[in-house]
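Asker: Heads up, the sequence shown is in our numbering, so the first residue is 48 and it goes up one at a time. Before anything else, here's the structure in question.
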Amino acid sequence: MLARIYQPSKTAMQSGRAGTHRWVLDYAPVTPRRPEPLMGWVSSGDTMNQVRLRFATKEEAIAYAQKHGLQFVVEEPKARTIKPKAYADNFATNRMQAWTH
48 MLARIYQPSK TAMQSGRAGT HRWVLDYAPV TPRRPEPLMG WVSSGDTMNQ
98 VRLRFATKEE AIAYAQKHGL QFVVEEPKAR TIKPKAYADN FATNRMQAWT
148 H
């Protein structure tokens with residue numbers, strides 16, 4: 048069974064970064080998902096794809112995977128670049144672009 052260890056990215060719908068500091072271990076799907084004939088919902092015979100384990104550190108997640116004999120892939124998070132912005136820059140006299148309000 049293959050597992051993926053990663054730090055989740057922040058959601059695009061929120062500006063906060065809550066829940067992005069923990070590490071997550073997800074199992075890769077073993078069987079393909081298919082629509083259920085009666086209701087049309089997507090179903091799978093594999094229940095391990097519903098399991099999501101959270102750990103405080105990457106080392107804890109790796110230790111868990113090694114202890115249980117799981118093959119795993121670690122995805123390192125991308126470095127976040129912060130672009131400082133100020134509202135006053137919209138009204139600066141040396142602004143290069145036209146003001147478009």
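For glycine and all other residues, C-beta sits at the position ideal for the given N, C-alpha and C.
1) Give a yes or no on whether the C-beta atoms belonging to Ile-52 and Glu-122 are separated by under 8 Å.
2) Suppose contacts are defined by Cβ-Cβ distances below 8 Å. Is Gln-54 in contact with Pro-131 by that definition?
3) In or out: Ala-139 buried (at least 16 other Cβ within 10 Å) or exposed?
4) Within the continuous alpha helix (DSSP H) that includes Glu-122, where are the two ends?
5) Buried or exposed: where does Leu-161 fall if 16 or more other Cβ atoms within 10 Å of its Cβ makes it buried?
Answerer: Let me spell this out:
1) By one-based count along the sequence shown, residue 52 stands at place 5. By one-based count along the sequence shown, residue 122 stands at place 75. It is a contact, given that the beta carbons lie within the stated cut-off.
2) Here the question's residue 54 lines up with position 7 in the sequence shown. Here the question's residue 131 lines up with position 84 in the sequence shown. Cβ distance not < 8 Å, so Gln-54 and Pro-131 don't count as in contact.
3) Residue mapping note: residue 139 aligns to position 92 of the sequence shown, counting from 1. Exposed, since its Cβ has fewer than 16 Cβ neighbours within 10 Å.
4) In the sequence shown, counting from the first residue as 1, residue 122 sits at position 75. According to the DSSP assignment, Glu-122 belongs to no alpha helix (DSSP H) but to the beta strand (DSSP E) extending over 118 to 122.
5) This structure gives no information on residue 161, because the portion of the chain shown stretches from 48 to 148.
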